[in-house]
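*Asks:* First the structure, then my questions, so here it is.
There are 2 protein chains.
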Amino acid sequence: MKLERIESMATIYDIAKLANVSPMTVSRVINDSKNVSESTRAKVNRAIQELNYIPNSSARYLTSKKSNILSLVITDIRNPFFTKLARGAEDKAKQMGYRLLLCNSDEDIHKESDYINMLISTGVDGVMITPSEDGSSENLQILHQNDIPFILLDRRIPSVKCDEIHGDSRSGTRRILEHLIQSGHQRIAMINGPLKVSTARERHQAYIDTLTVHQLPIKEEYILQSHFKNDQANISNLLSIPIAERPTAIFAANNFIAINTIKELRKQNICVPEDISVACFDDLDSLLDLNPFLTVVSQPAYQFGYLGAEMLIERIEATAPPEFRKVVLPSELIVRKSTTSV
Amino acid sequence: MKLERIESMATIYDIAKLANVSPMTVSRVINDSKNVSESTRAKVNRAIQELNYIPNSSARYLTSKKSNILSLVITDIRNPFFTKLARGAEDKAKQMGYRLLLCNSDEDIHKESDYINMLISTGVDGVMITPSEDGSSENLQILHQNDIPFILLDRRIPSVKCDEIHGDSRSGTRRILEHLIQSGHQRIAMINGPLKVSTARERHQAYIDTLTVHQLPIKEEYILQSHFKNDQANISNLLSIPIAERPTAIFAANNFIAINTIKELRKQNICVPEDISVACFDDLDSLLDLNPFLTVVSQPAYQFGYLGAEMLIERIEATAPPEFRKVVLPSELIVRKSTTSV
DNA sequence: GTGAAAGCGCTAACAA
DNA sequence: TTGTTAGCGCTTTCAC
Numbered sequence: 001m002k003l004e005r006i007e008s009m010a011t012i013y014d015i016a017k018l019a020n021v022s023p024m025t026v027s028r029v030i031n032d033s034k035n036v037s038e039s040t041r042a043k044v045n046r047a048i049q050e051l052n053y054i055p056n057s058s059a060r061y062l063t064s065k066k067s068n069i070l071s072l073v074i075t076d077i078r079n080p081f082f083t084k085l086a087r088g089a090e091d092k093a094k095q096m097g098y099r100l101l102l103c104n105s106d107e108d109i110h111k112e113s114d115y116i117n118m119l120i121s122t123g124v125d126g127v128m129i130t131p132s133e134d135g136s137s138e139n140l141q142i143l144h145q146n147d148i149p150f151i152l153l154d155r156r157i158p159s160v161k162c163d164e165i166h167g168d169s170r171s172g173t174r175r176i177l178e179h180l181i182q183s184g185h186q187r188i189a190m191i192n193g194p195l196k197v198s199t200a201r202e203r204h205q206a207y208i209d210t211l212t213v214h215q216l217p218i219k220e221e222y223i224l225q226s227h228f229k230n231d232q233a234n235i236s237n238l239l240s241i242p243i244a245e246r247p248t249a250i251f252a253a254n255n256f257i258a259i260n261t262i263k264e265l266r267k268q269n270i271c272v273p274e275d276i277s278v279a280c281f282d283d284l285d286s287l288l289d290l291n292p293f294l295t296v297v298s299q300p301a302y303q304f305g306y307l308g309a310e311m312l313i314e315r316i317e318a319t320a321p322p323e324f325r326k327v328v329l330p331s332e333l334i335v336r337k338s339t340t341s342v
Numbered sequence: 343m344k345l346e347r348i349e350s351m352a353t354i355y356d357i358a359k360l361a362n363v364s365p366m367t368v369s370r371v372i373n374d375s376k377n378v379s380e381s382t383r384a385k386v387n388r389a390i391q392e393l394n395y396i397p398n399s400s401a402r403y404l405t406s407k408k409s410n411i412l413s414l415v416i417t418d419i420r421n422p423f424f425t426k427l428a429r430g431a432e433d434k435a436k437q438m439g440y441r442l443l444l445c446n447s448d449e450d451i452h453k454e455s456d457y458i459n460m461l462i463s464t465g466v467d468g469v470m471i472t473p474s475e476d477g478s479s480e481n482l483q484i485l486h487q488n489d490i491p492f493i494l495l496d497r498r499i500p501s502v503k504c505d506e507i508h509g510d511s512r513s514g515t516r517r518i519l520e521h522l523i524q525s526g527h528q529r530i531a532m533i534n535g536p537l538k539v540s541t542a543r544e545r546h547q548a549y550i551d552t553l554t555v556h557q558l559p560i561k562e563e564y565i566l567q568s569h570f571k572n573d574q575a576n577i578s579n580l581l582s583i584p585i586a587e588r589p590t591a592i593f594a595a596n597n598f599i600a601i602n603t604i605k606e607l608r609k610q611n612i613c614v615p616e617d618i619s620v621a622c623f624d625d626l627d628s629l630l631d632l633n634p635f636l637t638v639v640s641q642p643a644y645q646f647g648y649l650g651a652e653m654l655i656e657r658i659e660a661t662a663p664p665e666f667r668k669v670v671l672p673s674e675l676i677v678r679k680s681t682t683s684v
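So, in structure tokens, the structure goes:
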């Protein structure tokens, strides 16, 4: 059954000719329009079958301005949080008849900007985005100018008004810290992402607040600035602190930071959790992990994507309420082996 | 700086009017054509800037039949092998000016078929695909009929002639088994994926061959049929074998199978590796794994995607040699804690 | 319930 | 070097 290449793809005109109707009628059939008699519909469908006709999305888009393409702009698909999120988004998109264009911004606002232009050029119907930072507002502004709806996932931007789904950074942070405090830790460090990212700011503030409530001192040298990427951790500042003053626990603002911190600690022959406890936001892939080690606040990543796609499509199809919606997804503390009591 | 929505997107006509040239000249400029004087080019570019003009990909596609969209059809983005592969594909695609449409087939040939139709409708320039099974040849045939180049990643299909990148299932299998045999294992079971998948067939054959070479008996009850999805493992057949005859090691045809097998063994209070050793094809994410446990044959997943995109683009842009290319990527045995000697 | 005409935004082919 | 014409495949609008 070796079929030959089709000379050129069938169009509605080919179908129309074969079915002895006008192209317009074919268009009505492929769009499930009401105003077609059953008999002509059947005739047309037979022709469609026969010629293996597949509608041309670009031509459709050109007249209708509807592409049925969604885009997901995340920072890195290799972060298990985003992997699961992407799968959720793709599942919902497929279910609703949309396709998914995937973009990795690598926390880089220029790369993000490139992608936004590409997406406008493509004519995507909507965008789900984890903005690389507050400065992304300019990129989102361009989407807005071009009338493309978008939804912010995981991270917010103060100046941007739109639908959003995010986690509860404050209560998650509090839960991690109180777990550490209850385990007897008094000197708790934080390694954070850049403060131009909303989750970093919120986790920072929650760290300050929680330590304050528990009457623990907040020391500047216990707070390190890092980034959310999978990169080597620089914790020399922490390790240069004399042992007696050195933190006994580290709160990492995300999974990548935690991983790389632990790797670095091990390099220095510092044991986790015996010497220093480490806990963080966002789980690794616990379904694939046979010996889960990290104590984490886990967020429902798949839900972020699934719900995000759902809300975005509602916005696109104008079935969403006019006012913007904020969804806060709950997180869950999972205590594992990377934290212990002192 | 709150910009208003643009009434409607700028077109080459708007640019042409503003720059006092013909639309065709604008087209030449945005396509980097040689035949434009520097002065008009500058004039046009100024107009483009001023109006925030972004070319409409659909319109371009309609005339040029070039979409600059690639698609990656994999079975599940949540498998770390595919996550890394996807990232590699996306990186190369971006670098070459292409966008990436992501599709999860879930090893389901019908889902795959849906996607293929979607992709044809979209007018993608090419497809990278890990076919769900040999029956995917019909889906690929449709791509061929529509003149869309594709490349097979990881899995081959006997009847399909095209570019392909795959791992070395035979030597990988041999290496795992010889590691086990050298560790003293004589009774080695295999839990395989469906034989309608090329890698499963190859690993099966290599299993038979290697045991034969080492003069170990091949018992039917040591060979289990499973699937490559992340699903519960059914190993009751193995466990119903009396202890004295029971395998002391299990070779799992992929990472999901291994994970779920180990989980199941643990449920039955069988320790890995003390009671049974387990090894498999494809690593988990070792970069993210703090206590890697699984003994694996690791394949260069990122390379599969990166090279795959590269070869596909060469095919699209007709810079590839006319004959189809087969690339075999090497794999590496990584011995960890899930295997031990008997 | 069906069809004809026009045009979406762009580029190929040709002309100047 | 620049412009004109036609048309890609479809849907919108309006007519019948």
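Chains as they are written, first to last, in the numbering used here: chain A, 1 to 342; chain B, 343 to 684. C-beta atoms are modelled at their ideal positions from N, C-alpha and C, and glycine is treated no differently.
Report the residues of the segment 312-341 of chain A with a CB closer than 7 Å to any CB of chain B, ordered along the chain.
*Replies:* Flagged: no residues at all.
*Asks:* Roughly how many whole angstroms lie between the Cα atoms of A189(A) and I235(A)?
*Replies:* Cα to Cα, the separation comes out at about 11 Å.
*Asks:* Quick check: R517(B) and V368(B), are their CB atoms within less than 8 Å of each other?
*Replies:* Contact flag unset, no.
*Asks:* Short of 7 Å Cβ to Cβ, which residues in the segment 460-484 of chain B face chain A?
*Replies:* Residues passing the 7 Å Cβ filter: M460, I462, S463, T464, G465 and Q483.
*Asks:* Compare the beta carbon distance of Q303(A) and G88(A) with 8 Å and say whether it is the shorter of the two.
*Replies:* In contact: Q303(A) and G88(A) (Cβ atoms closer than 8 Å).
*Asks:* Among the residues of its own chain, which have a CB less than 6 Å from the CB of E317(A), if the five just before and after it don't count?
*Replies:* Excluding positions up to five away in sequence, the list is empty.
*Asks:* With DSSP collapsed to three states, give me the class of A189(A).
*Replies:* A189(A): strand per DSSP, three-state reduction.
*Asks:* By the criterion of Cβ-Cβ separation under 7 Å, what are the contact partners of N446(B) in chain A?
*Replies:* Ordered by position in chain A, the residues that pass the 7 Å Cβ test against N446(B) are R87 and E90.
*Asks:* Step through the CB atoms of chain B and report whether any lies within less than 8 Å of the CB of K84(A).
*Replies:* Answer yes: the Cβ-Cβ gap between K84(A) and chain B drops below 8 Å somewhere.
*Asks:* Over what stretch of residues does the beta strand (DSSP E) that includes M470(B) continue unbroken?
*Replies:* Where M470(B) is concerned, the enclosing beta strand (DSSP E) stretches over G468 to I471.
*Asks:* Using a Cβ-Cβ distance under 8 Å, would I396(B) count as near chain A?
*Replies:* Judged by the 8 Å Cβ criterion, I396(B) is in contact with chain A.
*Asks:* Pick helix, strand or coil for T382(B), following the three-state DSSP scheme.
*Replies:* Helix at T382(B).
*Asks:* For a test of the three-state rule: what should DSSP assign to K84(A), helix, strand or coil?
*Replies:* If DSSP states are grouped into helix, strand and coil, K84(A) belongs with the helices.
*Asks:* So that I know if they touch, is there some Cβ in chain B lying closer than 8 Å to that of I48(A)?
*Replies:* Chain B, which has no Cβ nearer than 8 Å to the Cβ of I48(A), makes this no.
*Asks:* In angstroms, rounded to a whole number, what distance separates the CA positions of E164(A) and K229(A)?
*Replies:* Taking the straight line from one Cα to the other gives about 22 Å.
*Asks:* In this structure, how does DSSP classify R543(B) when only helix, strand and coil are distinguished?
*Replies:* Three-state DSSP puts R543(B) in a helix.
*Asks:* At a CB-CB cut-off below 7 Å, which residues of chain A make contact with S400(B)?
*Replies:* Near S400(B) (Cβ distances below 7 Å), the residues of chain A are S58, Y61, L62 and G123.
*Asks:* Taking the beta strand (DSSP E) that Q487(B) falls in, what are its first and last residues?
*Replies:* Per DSSP, Q487(B) belongs to no beta strand (DSSP E); it is in the alpha helix (DSSP H), S479 to Q487.
*Asks:* When the Cα of N611(B) is compared with those of L412(B), L581(B) and K503(B), which residue comes out closest?
*Replies:* Residue L581(B) is the option with its Cα nearest to N611(B).
*Asks:* Return the bridge partner residues of D505(B) from the DSSP annotation.
*Replies:* Per DSSP, I493(B).
*Asks:* What does DSSP give as the partner residue(s) for V639(B) in the beta ladder?
*Replies:* The partner list for V639(B) (beta bridge, DSSP) reads F623(B) and L675(B).
*Asks:* Spell out whether any CB of chain B is found under 8 Å from the CB atom of P80(A).
*Replies:* It does: the Cβ of P80(A) has a partner Cβ on chain B nearer than 8 Å.
*Asks:* Excluding the 5 residues preceding and the 5 following I54(A) in the sequence, name in chain order all residues of the same chain whose CB lies nearer than 6 Å to its CB.
*Replies:* Around I54(A): no qualifying Cβ.
*Asks:* According to the neighbour-count rule (16 or more other Cβ atoms, all chains shown, within 10 Å of its Cβ), is R608(B) buried or exposed?
*Replies:* Exposed, since its Cβ has fewer than 16 Cβ neighbours within 10 Å.
*Asks:* For R420(B), name the three-state secondary structure that DSSP assigns.
*Replies:* Coil.
*Asks:* Relative to the C-alpha of L404(B), which residue among V669(B), G465(B) and N421(B) is closest?
*Replies:* Measuring from the Cα of L404(B), the nearest candidate turns out to be G465(B).
*Asks:* Could you pull the start and end residues of the beta strand (DSSP E) that R441(B) belongs to?
*Replies:* R441 to N446 is the span of the beta strand (DSSP E), which, as asked, contains R441(B).
*Asks:* Ignore the nearest five residues each way along the sequence and tell me which others in F635(B)'s own chain have a CB closer than 8 Å to its CB.
*Replies:* So the list reads R678, K679 and S680, once near-sequence residues are dropped.
*Asks:* Alpha carbon to alpha carbon, what distance is there between R187(A) and P217(A)?
*Replies:* Those two C-alpha atoms are separated by around 8 Å.
*Asks:* Using CA atoms only, rank isn't needed, just tell me which of T552(B), G468(B), D456(B) and E449(B) is closest to L537(B).
*Replies:* Nearest option by C-alpha distance: E449(B).
*Asks:* Let me know if M1(A) comes out buried or exposed under the rule of 16 or more other beta-carbons within 10 Å of its beta-carbon.
*Replies:* Note that M1(A) scores 42 on pLDDT, short of 50, meaning its location in the model is unreliable and no value can be drawn from it.
*Asks:* By alpha-carbon positions, which one of I259(A), E133(A), A249(A) and A258(A) ends up nearest to E274(A)?
*Replies:* Cα-wise, what sits closest to E274(A) is A249(A).
*Asks:* Would you be able to state if there are at least three C-beta pairs under 8 Å between the segment 378-394 of chain B and the segment 432-446 of chain B?
*Replies:* Not touching, per the Cβ criterion.
*Asks:* Helix, strand or coil for L412(B)? Go by DSSP, reduced to three states.
*Replies:* Strand, per DSSP.
*Asks:* Quick check on DSSP: helix, strand or coil for I176(A)?
*Replies:* Here I176(A) sits in helix by DSSP.
*Asks:* Roughly how many angstroms lie between the CA atoms of T340(A) and V684(B), to the nearest whole one?
*Replies:* Going from the Cα of T340(A) to the Cα of V684(B) covers about 35 Å.
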